[in-house]
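Beneath this line is the structure, given in structure tokens, with notes to follow.
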Amino acid sequence: MSTRIEVVAGRRRWTVEQKLAILRDAFGPEGSVGDACKRHAIGSGSIYTWRRQAMSGELGGARPAALPTFAEVELSAPVPALPAPGSHIGIELPSGVKLTVDAGVDAEALARVVAVLTR
1 MSTRIEVVAG RRRWTVEQKL AILRDAFGPE GSVGDACKRH AIGSGSIYTW
51 RRQAMSGELG GARPAALPTF AEVELSAPVP ALPAPGSHIG IELPSGVKLT
101 VDAGVDAEAL ARVVAVLTR
């Protein structure tokens, strides 16, 4: 009695289109990660990694933009030492989102809002 062993050398390379097709197979209607793993002879770790990359936009090769460490500030008029009551601050983010806040805004709350908007 003989036993046949198949040895696969090297790593397979999947195109983006192939990865997306496998993700549709695994997570689409009637999909199953386990069945997709068997059909395509792939580990579930790869499928979940590709899903995370697809959801973040990295699968197509595009990386999310890094958050800037510095921001350009442009003043349209001289700023008084203390803001006048009822005055407003206009903020335009690189994404084009514009915010207008009261000059007395809580800095920590504003930082949390800006962090969410720049994700």
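Note that UniProt numbering numbers the sequence shown so that position 37 is 37, with each residue one more than the last. Backbone N, C-alpha and C fix where the C-beta goes; we use that ideal spot for every residue, glycine too.
A check of alpha carbon separations from R11 across K98, L93, G43, P85 identifies G43 as the nearest. For the 8 Å CB-CB criterion, L93 and T118 form a contact.
In the assembly as shown, I47 is a buried residue. Its beta-carbon has 16 or more other beta-carbons within 10 Å. The criterion of a C-beta distance shorter than 8 Å is not satisfied by A107 and I89. Around I22, the same chain offers W14, A36, H40, I42, I47, W50 as residues with beta carbons nearer than 8 Å, after the five sequence neighbours per side are excluded.
Judged by beta-carbon spacing, A26 lies beyond the 8 Å limit of V16, meaning their Cβ atoms are not closer than that value. The alpha helix (DSSP H) runs of length 4 or more contained entirely in the stretch 22 to 68 are, from start to end of the chain, 33 to 40, 44 to 56.
In the DSSP annotation of this structure, V101 is not part of any alpha helix (DSSP H); the continuous beta strand (DSSP E) holding it starts and ends at 98 to 102.
Boundaries for E108: no beta strand (DSSP E) harbours it, while the alpha helix (DSSP H) harbouring it runs 107 to 117, taken from the DSSP string. In this chain, the beta strand (DSSP E) harbouring G90 covers 88 to 92.
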